[in-house]
Amino acid sequence: MVAEIDKRNNRVVLSLGGNIGDVKQAFNYSIKLLEKNIGELVLSSSLYKTKAWGVENQPNFLNQVLVFSTELLPIDILHVCLETELIIGRVRKEKWHKRLIDIDVLFYDGEIIDTPDLTIPHPHVHKRNFVLFPLVDIIPSFRHPLLHKTMKELKNKCNDKLEVIKMLD
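Going by the working numbering, the letters in the sequence shown line up with residues 1 to 169, in that order.
Following this line, the structure appears as structure tokens:
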């Protein structure tokens with residue numbers, strides 16, 4: 001007999017980032033759309049400010065991590081994230097270019113997914129303090145499904161030298 005999986009208990013971890021326009025407003029609107037289309041917002045980190053990662057001479061980024069409870073499959077979550085970016089006003093240009101909003105799927109429970117359209121866990125989570133700091137804010141003991149280290153352990157070993165500043169609420 002095969003046990004039924006209760007899809008309502010799936011947890012998806014998303015990151016928000018942006019560095020042009022009213023980023024806080026874009027985050028707030030994104031969160032409302034994501035709650036409507038993905039599921040209940042369970043946890044949200046503080047906002048963090050960092051310099052642009054991978055490209056110089058850009059405005060500073062704001063970053064935040066969110067955890068949702070969902071019944072959706074990972075590929076459907078990706079489609080919701082891309083649609084939300086479009087609604088908010090994201091224009092895709094070159095990689096790591098300045099943007100109003102960027103939404104990435106970081107984790108889906110402890111699943112490992114590697115398809116042409118979606119890689120979970122996000123392949124750069126462990127390399128980026130702008131994601132690790134907010135992750136440690138809300139899920140410090142969560143274990144990376146491939147690296148088998150907690151978010152706190154990954155943050156402590158991360159070689160990313162960009163300063164990460166926690167914003168006051």
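Beta carbons are placed, not taken as given, at the ideal position from N, Cα and C, and that holds for glycine.
Query raised in the report: What are the partner residues of F61, as DSSP defines its beta bridges?
Result: Under DSSP, F61 forms a beta bridge with T50.
Query raised in the report: Given that a residue counts as buried once 16 or more other Cβ atoms are within 10 Å of its Cβ, and exposed if not, what is M167?
Result: Per the 10 Å Cβ criterion, exposed.
Query raised in the report: Taking Cβ positions, are R99 and I20 nearer each other than 8 Å?
Result: Yes, the Cβ-Cβ distance between R99 and I20 is below 8 Å.
**Report entry** Three-pair Cβ contact test at 8 Å for the stretch 64-74 versus the stretch 26-39
**Finding:** Segments in contact, yes.
Query raised in the report: Between the C-alpha atoms of D137 and P116, what's the straight-line distance to the nearest angstrom?
Result: If I take the Cα positions, the gap works out to 31 Å.
Requested in this report: Could you tell me whether the stretch 81-93 touches the stretch 45-57, using the rule of 3 or more Cβ pairs below 8 Å?
Outcome: Short answer: they don't touch.
Query - Counted within 10 angstroms of its Cβ, other Cβ atoms place G17 as buried (16 or more) or exposed - result: So G17 ends up on the buried side.
Requested in this report: From the DSSP output, in three-state form, read off V141 for me.
Outcome: The sequence given here has Ser at residue 141, not Val. The three-state reading of DSSP puts S141 in coil, since its state is none of H, G, I, E or B.
Query - Opening and closing residue of the alpha helix (DSSP H) in which N37 lies - result: Per DSSP, the continuous alpha helix (DSSP H) segment holding N37 begins and ends at V23 to N37.
**Report entry** Segment limits, alpha helix (DSSP H) that includes L154
**Finding:** That run of the alpha helix (DSSP H) goes M151 to K157.
Requested in this report: Give me the Cβ distance between N63 and P134, rounded to the nearest whole Å; I'm assuming they're in contact under 8 Å.
Outcome: That pair is a contact at about 6 Å.
Query - Counted within 10 angstroms of its Cβ, other Cβ atoms place K155 as buried (16 or more) or exposed - result: Counting the other CB atoms within 10 Å of its CB gives K155 a total of 16 or more, which places it among the buried residues.
Report task. Locate the alpha helix (DSSP H) running through V194, then write down its first and last residues. Result -> Residue 194 falls outside the range modelled here, since the chain spans only 1 to 169, and no answer is possible.
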